[in-house]
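Chemist: In my numbering, the protein residues as written are 1 to 322.
Pasting in a structure now, in structure tokens, and then I'll have a few things to ask.
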């Protein structure tokens with residue numbers, strides 16, 4: 001089938017496509033894209049009859065594809081239309097392969113480079129692995145495996161859930177006596193976020209701080225985020241988390257903790273509260289957004305999510321070529 005690539009200029013058309021895609025994620029929706037304050041173009045793939053069958057949002061830098069992943073944006077990849085995902089397996093595999101191949105060729109020619117972070121729901125990597133298969137001197141894709149963790153919220157029962165998490169987390173939850181509440185105090189969150197990095201003696205520049213602030217503000221004003229805090233009896237804010245959500249899934253994106261109050265158990269209490277809240281919203285699962293570093297990954301996995309692979313792909317020239 002002949003496909004045509006077009007630019008999606010209307011938010012409504014783009015977001016309706018994203019939200020019904022099997023690869024749907026909040027990071028591809030218009031509100032989040034604009035919060036990044038980076039150039040982007042949203043592409044749709046159509047059949048000769050004008051039917052939308054796939055799409056992708058491309059972040060841009062100096063007229064090329066921005067290196068993926070962009071900060072705080074784990075997935076920016078190919079999305080298929082809902083009806084493609086509902087096809088019988090034998091037909092769906094062929095459709096997705098051809099659409100991926102079409103998008104790869106179109107965008108590589110348009111930008112001169114190619115870099116994407118594919119979502120966990122994008123599972124067929126053959127179009128990338130086989131790119132220029134019969135041309136040994138042509139650019140090939142490097143495919144880097146990454147991992148996130150997904151917590152199933154179907155049939156969630158808090159008491160049963162608490163028995164499934166690591167014993168240390170249960171003990172922290174039991175000893176914590178914080179008051180958990182939603183907040184719009186972005187400035188307090190940013191102040192704690194700075195302190196979190198200072199405690200670890202890690203540098204964070206103002207551009208990253210400003211990006212965090214834009215993402216948080218956009219999520220709250222756009223109605224796709226929950227900023228919540230755990231406050232101790234003396235009024236000190238011990239922990240703040242930012243969860244994003246779309247129609248199906250929540251995303252544990254950002255967290256900040258007061259260094260002097262790390263042993264209060266408040267961060268665990270806050271996490272459990274957020275998990276229960278997202279279950280009450282009727283969401284299917286929570287994406288812990290990456291378990292790709294030892295300490296952070298261990299903390300997230302202690303809440304008993306399931307490991308889920310995803311991949312970052314980059315088109316590279318053969319060895320010896322510039």
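Ideal Cβ placement from N, Cα and C applies to all residues, glycine included.
Within the continuous alpha helix (DSSP H) that includes residue 102, where are the two ends?
Modeler: Residue 102 -> alpha helix (DSSP H) spans 89 to 111.
Chemist: Confirm, please, whether the CB-CB distance from residue 278 to residue 243 is below 8 Å.
Modeler: It is a contact, given that the beta carbons lie within the stated cut-off.
Chemist: Hey, how far is the Cα of residue 239 from the Cα of residue 266?
Modeler: Cα to Cα, the separation comes out at about 6 Å.
Chemist: Counting Cβ pairs, one atom from each stretch, are 3 or more of them under 8 Å apart for the region 26 to 39 and the region 222 to 232?
Modeler: Touching, yes.
Chemist: Residue 65 bridges to which residues according to DSSP?
Modeler: 60, per the DSSP bridge assignment.
Chemist: Tell me the rounded alpha-carbon separation between residue 195 and residue 274.
Modeler: In a straight line, the C-alpha of residue 195 is about 22 Å away from that of residue 274.
Chemist: Between the Cα of residue 216 and those of 33, 12, 21, spot the shortest distance and give me the residue it belongs to.
Modeler: Among 33, 12, 21, the Cα nearest to that of residue 216 belongs to 33.
Chemist: Could you check how far apart the C-beta atoms of residue 152 and residue 285 are, in whole angstroms? I think they sit under 8 Å.
Modeler: Residue 152 to residue 285, Cβ: 5 Å. Contact.
Chemist: Does the separation of the CB atoms of residue 308 and residue 148 fall below 8 Å?
Modeler: Yes. Within cutoff.
Chemist: Comparing C-alpha positions only, which one of 116, 231, 106, 287 sits nearest to residue 261?
Modeler: Ranking 116, 231, 106, 287 by Cα distance to residue 261 puts 231 first.
Chemist: I'd like the span of the beta strand (DSSP E) that includes residue 182, first residue to last.
Modeler: Where residue 182 is concerned, the enclosing beta strand (DSSP E) stretches over 179 to 182.
Chemist: Given that a residue counts as buried once 16 or more other Cβ atoms are within 10 Å of its Cβ, and exposed if not, what is residue 91?
Modeler: By the 10 Å Cβ count, residue 91 comes out exposed.
Chemist: With a threshold of 6 Å on Cβ separation, who are the neighbours of residue 54 within its own chain once the five nearest residues in sequence on each side are excluded?
Modeler: So the qualifying residues of the chain are 45, 80, 99.
Chemist: Can you give the Cα-Cα distance for residue 84 and residue 18, rounded to whole angstroms?
Modeler: Residue 84 and residue 18: Cα-Cα distance of roughly 13 Å.
Chemist: What do you reckon, are the CB atoms on residue 47 and residue 1 nearer than 8 Å?
Modeler: Going by C-beta atoms, residue 47 is nearer than 8 Å to residue 1.
Chemist: Which two residues bound the contiguous beta strand (DSSP E) that contains residue 249?
Modeler: Here the beta strand (DSSP E) through residue 249 covers 249 to 257.
Chemist: Please say whether residue 241 and residue 251 have beta carbons closer to each other than 8 Å?
Modeler: Not in contact: residue 251 and residue 241 (Cβ atoms no closer than 8 Å).
Chemist: Does residue 75 pass the burial test, meaning 16 or more other C-beta atoms within 10 Å, or should it be called exposed?
Modeler: Buried: at least 16 other Cβ atoms inside 10 Å.
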